[in-house]
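*Asks:* First to last, the protein sequences are chains C and X.
Every position in the first sequence, counted from 1, becomes a number in our numbering once 348 is added.
Every position in the second sequence, counted from 1, becomes a number in our numbering once 348 is added.
Quick reminder that beta carbons are idealized off the backbone N, C-alpha and C, glycines included.
Number of protein chains: 2
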Amino acid sequence: MAVMTRWLDPDEQRTWRAYLAASRALMDTLDRELQRDAGMPHAYYEILVRLSETPGRQLRMSDLAQAAGSSRSRLSHAVARLEAAGWVRREECPTDRRGQIAVLTDEGFATLAAAAPGHVEGVRRHLFDALSPTQVDQLRRISETLAEHLTTS
Amino acid sequence: MAVMTRWLDPDEQRTWRAYLAASRALMDTLDRELQRDAGMPHAYYEILVRLSETPGRQLRMSDLAQAAGSSRSRLSHAVARLEAAGWVRREECPTDRRGQIAVLTDEGFATLAAAAPGHVEGVRRHLFDALSPTQVDQLRRISETLAEHLTTS
DNA sequence: GCCGTTTAGTTGAGCGTTCAACCATCGCGG
DNA sequence: CCGCGATGGTTGAACGCTCAACTAAACGGC
Numbered sequence: 349m350a351v352m353t354r355w356l357d358p359d360e361q362r363t364w365r366a367y368l369a370a371s372r373a374l375m376d377t378l379d380r381e382l383q384r385d386a387g388m389p390h391a392y393y394e395i396l397v398r399l400s401e402t403p404g405r406q407l408r409m410s411d412l413a414q415a416a417g418s419s420r421s422r423l424s425h426a427v428a429r430l431e432a433a434g435w436v437r438r439e440e441c442p443t444d445r446r447g448q449i450a451v452l453t454d455e456g457f458a459t460l461a462a463a464a465p466g467h468v469e470g471v472r473r474h475l476f477d478a479l480s481p482t483q484v485d486q487l488r489r490i491s492e493t494l495a496e497h498l499t500t501s
Numbered sequence: 349m350a351v352m353t354r355w356l357d358p359d360e361q362r363t364w365r366a367y368l369a370a371s372r373a374l375m376d377t378l379d380r381e382l383q384r385d386a387g388m389p390h391a392y393y394e395i396l397v398r399l400s401e402t403p404g405r406q407l408r409m410s411d412l413a414q415a416a417g418s419s420r421s422r423l424s425h426a427v428a429r430l431e432a433a434g435w436v437r438r439e440e441c442p443t444d445r446r447g448q449i450a451v452l453t454d455e456g457f458a459t460l461a462a463a464a465p466g467h468v469e470g471v472r473r474h475l476f477d478a479l480s481p482t483q484v485d486q487l488r489r490i491s492e493t494l495a496e497h498l499t500t501s
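1) I need the boundaries of the alpha helix (DSSP H) containing Leu378 (chain X), first residue and last residue.
2) At what residue ranges does the stretch 410 to 482 of chain X contain a whole run of the beta strand (DSSP E), taking only runs of 3 or more?
3) List the residues of chain C whose Cβ lies closer than 7 Å to the Cβ of Tyr367 (chain X), in chain order.
4) I need the boundaries of the beta strand (DSSP E) containing Arg408 (chain X), first residue and last residue.
5) Spatial neighbours of Glu394 (chain X) within its chain, please: C-beta separation below 7 Å, excluding the five flanking residues on both sides.
6) Which chain X residues sit within Cβ distance under 8 Å of Arg354 (chain C)?
7) Using DSSP with H/G/I as helix, E/B as strand and the rest coil, what is Glu492 (chain X)?
8) Which stretch, first to last residue, makes up the alpha helix (DSSP H) that contains Glu401 (chain C)?
9) Using a Cβ-Cβ cut-off of 9 Å, state whether Arg446 (chain C) counts as contacting chain X.
10) If we define contact as Cβ-Cβ less than 9 Å, is Ala458 (chain C) a contact residue for chain X?
11) Given that Arg372 (chain C) touches chain X, what residues does it touch there, using C-beta distances under 8 Å?
12) Using 8 Å as the threshold, is the stretch 380 to 387 of chain C in touch with the stretch 401 to 413 of chain C, meaning 3 or more CB pairs across them?
13) Which bits of chain C does Pro465 (chain X) rub up against, with CB to CB less than 7 Å?
14) Going by beta-carbon coordinates alone, are Leu407 (chain C) and Leu498 (chain X) separated by less than 9 Å?
15) Buried or exposed: where does Val436 (chain X) fall if 16 or more other Cβ atoms within 10 Å of its Cβ makes it buried?
16) Three-state secondary structure (DSSP) at Thr353 (chain X)?
17) Would a C-beta distance cut-off of 9 Å place Ala426 (chain C) and Arg438 (chain C) closer than the cut-off?
18) With burial defined as no fewer than 16 other Cβ atoms inside 10 Å of the residue's Cβ, what is the status of Ser371 (chain C): buried or exposed?
19) Return no unless some Cβ of chain X is closer than 9 Å to the Cβ of His497 (chain C).
20) Find the residues of chain X that neighbour Thr402 (chain C), judging by a C-beta separation of less than 7 Å, and give them in chain order.
21) Using only CA atoms, which one of X:Ser480, X:His467, X:Val484 and X:Asp357 lies nearest to Pro358 (chain C)?
22) What is the C-beta distance between Ala494 (chain C) and Ala478 (chain X), in whole angstroms, given that I count them as a contact (C-beta under 8 Å)?
23) Exposed or buried, what is Thr363 (chain X) when buried is set at 16 or more other beta-carbons lying within 10 Å of its beta-carbon?
24) Using a Cβ cut-off of 7 Å, pull out every chain C residue sitting near Gln361 (chain X), in sequence order please.
25) Consider the Cβ of Asp411 (chain X): report whether some Cβ of chain C lies at a distance smaller than 9 Å.
26) For Tyr484 (chain X), go through chain C and note every residue whose CB falls closer than 8 Å to its CB, in chain order.
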């Protein structure tokens, strides 16, 4: 099948490389800050956030994985670590004996509450402060479109 | 210091979460495709690309790290693996005895050439096909602004 | 009520990244 | 030309992620 590759034109090249550089730099920076200030990677922070927003501060493993955009395996390993840190506790699910429920402990909530201001400040400094309100709006639309496109295709 | 945290307003929240979901999904997808089709993670692919674009297909380790947006340590480990795969070779630097030069081998170039069409197709499908030309332009400006902001601050 | 098929979740090995410690060399001030 | 800080690069341990294999329980059809 001699299908010709549709290579990226110079503008697309430039866009793609800028996007790569920016997103890598942004996530690396936030990850490093969070690791330094709160002793956890961003992925773990997000798990705690999702749990904290839920009534009872608890979620089935699968739902938590979905919410955090994580694979089951990843979440399983992560919760094991969070449990060892005393930030999350596992409970049996009353309605499904296969199920496990991850519960945010008080200590976990306190850790999250302590970490949040610094992290939010970082997001603001590194992302929102650099962009105009119009650009923020554009970024929202673009991201929502992409997220939608990636989950359905 | 009772400095009030400037929390994200609902629009910013939404933007930030959409951005996180989209960029995570995009990179995860491309990484998985590249791993499946070319047997290497995206970070390694990018190292090969940078080398391939250079006269003589070679670069000092530090320059390569810079170009690929990588730490020195990361690059060192990565090149070790790429060397084991036969895709890169290390040479002494004639002008600086501390220096090492990473050289893309013919085999490495061939592997890259074989992987490129599929990867480009992936970038197109998952990113550019989902966005309008206007949005692509917006994304470029936003990314360039962010990259600039992140490297100078 | 039984059997095959999903679904929930875990596990361990292998890999890539980070961080800090480290060695070697360079280049500059005195 | 000596000493010392800066630079280039590597190393090993700890950690997080991926993938595939696995167990256990729920579901669906007959």
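*Replies:* If we stick to the structure as given:
1) Within the second sequence, the letter at position 30 stands for residue 378 (chain X). Counting along the chain, the alpha helix (DSSP H) containing Leu378 (chain X) begins and ends at Pro358 to Ala386.
2) 436 to 440 and 448 to 452
3) Walking along the second sequence from the start, residue 367 (chain X) turns up at place 19. Simply Leu487 and Ser491.
4) Taking the second sequence and counting its residues from 1, the one referred to as residue 408 (chain X) is at position 60. Arg408 (chain X) -> beta strand (DSSP E) spans Gln406 to Arg408.
5) In the second sequence, counting from the first residue as 1, residue 394 (chain X) sits at position 46. Excluding positions up to five away in sequence, the list reads Ala416.
6) If you number the first sequence from 1, residue 354 (chain C) lands on position 6. Residues of chain X passing the Cβ test: Val468, Glu469 and Arg472.
7) Here the question's residue 492 (chain X) lines up with position 144 in the second sequence. Note: Glu492 (chain X) maps to helix in three-state DSSP.
8) The residue you call residue 401 (chain C) lines up with position 53 of the first sequence. Segment: none, Glu401 (chain C) is in no alpha helix (DSSP H) and carries neither H nor E.
9) To locate residue 446 (chain C), count along the first sequence from 1; it is residue 98. Closer than 9 Å: no.
10) Within the first sequence, residue 458 (chain C) is the residue found at index 110, counting from 1. Not one chain X Cβ lies under 9 Å of Ala458 (chain C).
11) The residue you call residue 372 (chain C) lines up with position 24 of the first sequence. Those are Gly417, listed as they occur along chain X.
12) no
13) Locating residue 465 (chain X) in the second sequence gives position 117, where the first residue counts as 1. Thr353, listed in chain order.
14) In the first sequence, the residue the question calls residue 407 (chain C) occupies position 59. In the second sequence, the residue the question calls residue 498 (chain X) occupies position 150. No. Outside cutoff.
15) Residue mapping note: residue 436 (chain X) aligns to position 88 of the second sequence, counting from 1. Classification of Val436 (chain X): buried, given that the 10 Å Cβ count is 16 or more.
16) Walking along the second sequence from the start, residue 353 (chain X) turns up at place 5. DSSP places Thr353 (chain X) in coil when its eight states are reduced to three.
17) Counting from 1 along the first sequence, the entry for residue 426 (chain C) is found at position 78. Counting from 1 along the first sequence, the entry for residue 438 (chain C) is found at position 90. No, they are not a contact pair.
18) Your numbering for residue 371 (chain C) matches position 23 in the first sequence. So Ser371 (chain C) counts as buried.
19) Within the first sequence, numbered from 1, the residue matching residue 497 (chain C) stands at position 149. By this cut-off, His497 (chain C) is an interface position.
20) Position 54 of the first sequence, counted from the start, is the residue given in the question as residue 402 (chain C). In chain order: nothing, as chain X lies at least about 15 Å away.
21) On the first sequence, residue 358 (chain C) is found 10 positions in, with the first residue counted as 1. Of the candidates X:Ser480, X:His467, X:Val484 and X:Asp357, the one whose C-alpha sits nearest the C-alpha of Pro358 (chain C) is X:Val484.
22) Looking up residue 494 (chain C) in the first sequence gives position 146. Looking up residue 478 (chain X) in the second sequence gives position 130. A small correction: the amino acid at residue 494 (chain C) is Leu; Ala does not occupy that position in the sequence shown. Rounded, the Cβ-Cβ distance is 6 Å, consistent with contact.
23) Residue numbering aside, residue 363 (chain X) sits at position 15 when the second sequence is read from its first letter. By the 10 Å Cβ count, Thr363 (chain X) comes out buried.
24) Residue 361 (chain X) sits at position 13 when you count from the first residue of the second sequence. Within chain C, no residue comes near Gln361 (chain X); the closest Cβ sits about 10 Å away, beyond 7 Å.
25) The sequence position of residue 411 (chain X) within the second sequence is 63, counting from 1. It does not: the Cβ of Asp411 (chain X) has no partner Cβ on chain C nearer than 9 Å.
26) Counting from one through the second sequence, the residue named residue 484 (chain X) turns up at place 136. The amino acid at residue 484 (chain X) is misidentified as Tyr; the sequence shows Val. Within 8 Å Cβ-Cβ: Asp359, Glu360 and Thr363.
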